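Accompanying notes for the structure given below.
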Amino acid sequence: MKTYDYCRAFRYSGKVNPKIPSMRKFQYLCLFLLLLATACSTDAMDDNPAGDPSGNGSPDGGPGYRGAVGESAADLLSGETFSGLSLQLLYVEGMRPTQATVDNFQDFLRERLNKPDGISLTLQEIASPGQDVYSTQDIRELEDEVRTLFSTTDNLAVCGIFLDGSFEGNTESGSVLGIAYRNTSFVVFGETIREFSGQPLAPSTTVLETTVVNHEFGHLLGLVNAGTPLQTQHQDTEHGRHCTAEDCLMYWTAETGEGLVNMISGGNVPSLDAACLQDLQANGGR
């Protein structure tokens, strides 16, 4: 039986900063409803085919790429077994991540991973599947068709896909911006991100893309308590694999969204808090 850990939407408490003029209150509220009622999703169970506990293996002789989210956390963080990391970012036409997003992502990885042989990244355009809506299974099948970079015995590979269309789990109150769905795989819904970034007062496409990519990769790194053990209790158990610190990259729910609205509206990408960093460092990261 499969279960999924869907990142629940932020809850708005009805409180607005009294220092913000009434028109700006309305604008911030609109931004809150558009941006903070979003969600991410992580597949919480192993996707290995029956009879193949290695996740169907890697064509290049490395570990399988069809494992559960967080299963490869220690291998991603540490350089003991895999001294290098290769990233393949695939995108459909019009959904190529901005160069600033790519640069920010590489900086994030270099700061957190121990890879003495370095981290490489390639970008490649793929044909759009032509779907308006994608299920998690659709995305898995697409990856199986288009992914060409796999792990070897000493180099780990990760695949990220930037799609048009939207996620089938979207509702009127929340839209999914990204999913970590396998041990070395994530997807970003670029079209949905661009819809949000085009709103008044909204953060730029780069800020939203960077936040989503870093957040989903955080799940691949086993945050929080999903392959990388907790060093202190900071998991928001009511809302899945997320951090309780409201200013943390891995935070996803709040009773009031004032602080996060102000943070995002300032154009800043959230960073990992001290508790998440301690978890990563204890599991082989920096």
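Positions -44 to -1, 1 to 242 (mature numbering (1 follows the signal peptide of the UniProt record, and there is no 0)) are the ones given, in order, by the sequence shown. Ideal placement from N, C-alpha and C gives every residue a C-beta, glycine not left out. Bear in mind the structure is a predicted one, so any value in this text is a computation, not a measurement.
Reduced DSSP secondary structure (H/G/I, E/B, other) of residue i
i	result
V225	coil
L112	strand
F61	helix
S34	coil
V180	coil
R66	helix
Q191	strand
S84	coil
F173	helix
F106	coil
V48	strand
G150	Strictly speaking, residue 150 in this sequence is Arg, with Gly absent from that position. If DSSP states are grouped into helix, strand and coil, R150 belongs with the helices.
T212	Since pLDDT at T212 reaches only 32, below the 50 mark, its modelled position is unreliable, and no value is offered.
A158	coil
E27	coil
Buried or exposed by the 16-neighbour rule on C-beta atoms within 10 Å, applied to residue i
i	result
G241	buried
T104	exposed
L(-14)	Annotation note: pLDDT 47 at L(-14) (below 50); position unreliable, no value reported.
G116	buried
G178	buried
E99	buried
E27	buried
D63	exposed
D110	exposed
G174	buried
E172	buried
N224	exposed
Q93	exposed
S91	exposed
T140	buried
G146	buried
P156	exposed
Test: residue i CB closer than 8 Å to a CB of chain B
i	result
G86	Any reference to chain B falls outside this structure, which holds one protein chain only.
Anticipated Cβ contact below 8 Å, residue i with residue j, distance rounded
i	j	result
F142	G154	So it is not a contact: roughly 23 Å between Cβ atoms.
D226	D203	Residue identity check: residue 226 is Pro in the sequence provided, not Asp. Indeed, because the Cβ distance is near 7 Å, the residues count as touching under 8 Å.
G121	D88	5 Å
M51	F118	4 Å
H190	V180	7 Å
L43	L77	4 Å
V169	T57	7 Å
Closest residue to residue i among the options (Cα-Cα distance)
i	options	result
R66	N126, L32, H190	L32
T188	H195, E194, F64, A201	A201
T166	L79, P156, Q55, H190	Q55
R22	L77, R96, Q191	R96
A113	S14, Y207, A158	S14
P53	L233, Q80, T108	Q80
T162	G130, N60, A136, R138	N60
N70	A30, N139, L176, L205	A30
T37	T108, R68, R138	T108
G183	E49, C232, V102	C232
I82	R68, I75, V102	V102
A24	R197, R138, G18, Y207	R138
L41	E49, F106, G86	F106
G130	D235, W208, E49, S84	W208
Residues bridged to residue i (per DSSP)
i	result
R138	S141
S42	S76, A113
Y90	F123
C199	Q191, Y207
F118	Y47, V144
Any non-hydrogen atom of the ligand NAP within 7 Å of residue i CB
i	result
R66	Absent from the structure shown: the ligand NAP. Ligands present: none.
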